[in-house]
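Heads up: the protein sequence lines correspond to chains L and Y, in order. Mapping of the first sequence onto our numbering: position 178 corresponds to residue 900, and the numbering continues sequentially without gaps. Mapping of the second sequence onto our numbering: position 16 corresponds to residue 31, and the numbering continues sequentially without gaps. Comments concern the structure below.
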Amino acid sequence: MGVTLSKNAQLIKFFAQLGPGIPRTRLVKMAYMADVISRRYLGRPISDLEYRKDKFGPNAPEIGNVISELEAMGLVWTKNSPASTQEGRDASKMLFDSGRRVVFDFTLGENEILAYVAENYRAMELTEFVRDVVKQTRPFKAQRRFHEPLPMDLEDNEGRNLVGFDLEAIARAERQAEAGDFRTARDFFDALRTRLTARYTESH
Amino acid sequence: MTPYERVLPHDTQNLIEEFLLERFIGTATQLAAADVIEAEIERIVANPMLGASVPDGPFEKRRIYRFKIAVGDQRLLAEFAYSINKERAVVVFSGFQEVRAPL
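Right, dumping it as structure tokens:
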């Protein structure tokens, strides 16, 4: 499929693909964590969803529209079913992937973050995820009033400053290594010494 | 001797070389600093747990190792970011930078 989706739609489609059906509450919280972590390490969110404080954690009201857009394109489908899983009442709103492929244009750094969120939070018990992870983030704790926007910029570059390294650059270098664009340390330093010595010899 | 291969991606090679040329004057000093950096790589590979991982994010699976480069009168701090692939017996040094902080 050659359609270019918005980053918001790509984010939802990505989480839908984790399958085998993702409840709405978990979807919103995972999107939120992806944006929080992206702000921490890349200094910007992946999506431009606006998160507001809700009793059950951050909520992004426009996600409903994004899902409708994806549904209309045949990329996802939704199902209302009785609450019967550990997801509790939220299991009544489930999102499923249609299996149709799209082109994602996430950066290497965004990919790393999405992989981290998927790996760590997809299977975490929902109550624990919301209580111990999502509600402990600085924007959620800083906003005292329900239904008001969360001050997401509180997270900007917090991780980047702690780590000191640019995640995009690290991911790029790792990609180079995977692609064979590398030298072993011994080969590199031997060649470097030869170059430095040759430079000295030429100048004298 | 550990079986890990020491992998320096293209960008990391450039970062190390630029650092040596910009921060050290004279071939002997540059060579000495290169020796220190290579020795620190060997130290990491001998014990990949030396670096710290940063929890709760994409650096959880990577490690950052800080070390001192003392050559002549110069005392600088630098860091490697690296990841360990035990299956392939490889340590990939994916980042290198000087740390501008007091020793």
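Every residue, glycine too, gets a C-beta built ideally from N, C-alpha and C.
The alpha-carbon of Met874/L is positioned some 29 Å away from that of Ala116/Y.
A contact is defined here as three or more CB-CB pairs under 8 Å, and the stretch 831-839 of chain L meets this definition with respect to the stretch 66-85 of chain Y.
Counting along the chain, Asp819/L sits inside the beta strand (DSSP E) bounded by residues Lys815 to Asp819. Distance from Lys751/L to Pro780/L at the Cβ level is roughly 7 Å; contact confirmed, criterion being Cβ atoms closer than 8 Å. Around the C-beta of Phe736/L, 16 or more other C-beta atoms lie within 10 Å, and the residue is accordingly described as buried. In the same chain as His869/L, and ignoring 5 residues on each side of it, the C-beta atoms closer than 8 Å to its own belong to Arg774, Lys775 and Asp776, in chain order. When beta bridges are read from the DSSP output, Ala85/Y appears opposite Arg90/Y.
By the C-beta density criterion, Gly87/Y is exposed, having fewer than 16 other C-beta atoms within 10 angstroms.
Put simply, the backbone Cα of Thr859/L is about 21 Å away from that of Gly886/L. Taking each of Val107/Y, Phe111/Y and Lys101/Y in turn and checking the Cα distance to Leu92/Y, the smallest one comes out for Phe111/Y.
Pairing Ala738/L with Pro24/Y gives a Cβ-Cβ distance that is not under 9 Å. For Pro70/Y, no chain L residue has a Cβ inside 8 Å of its Cβ, as the nearest lies near 10 Å away. Checking the DSSP bridge columns, you'll see Asp757/L has no partner listed. Residues of the stretch 25-36 of chain Y whose Cβ lies closer than 7 Å to any Cβ of chain L, in chain order: His25, Asp26, Thr27, Gln28 and Glu32. The C-beta of Ile52/Y comes closer than 9 Å to at least one C-beta of chain L. Using a CB distance cut-off of 9 Å, Val86/Y does not count as an interface residue toward chain L.
Cβ proximity to chain L below 7 Å picks out Glu94, Ala96 and Ser98 from the stretch 89-106 of chain Y. Counting the other Cβ atoms within 10 Å of the Cβ of Arg853/L gives fewer than 16, which makes it exposed. Secondary structure of Asn781/L (DSSP, three-state): strand.
When DSSP states are grouped into helix, strand and coil, Arg115/Y belongs to the coil group. A check of alpha carbon separations from Tyr763/L across Asp903/L, Arg882/L and Ile892/L identifies Arg882/L as the nearest.
Val725/L counts as exposed, since fewer than 16 other beta carbons sit within 10 angstroms of its beta carbon.
In this structure, Gly831/L is the residue among Gly831/L, Ser760/L and Asn730/L with its C-alpha nearest to the C-alpha of Ala891/L.
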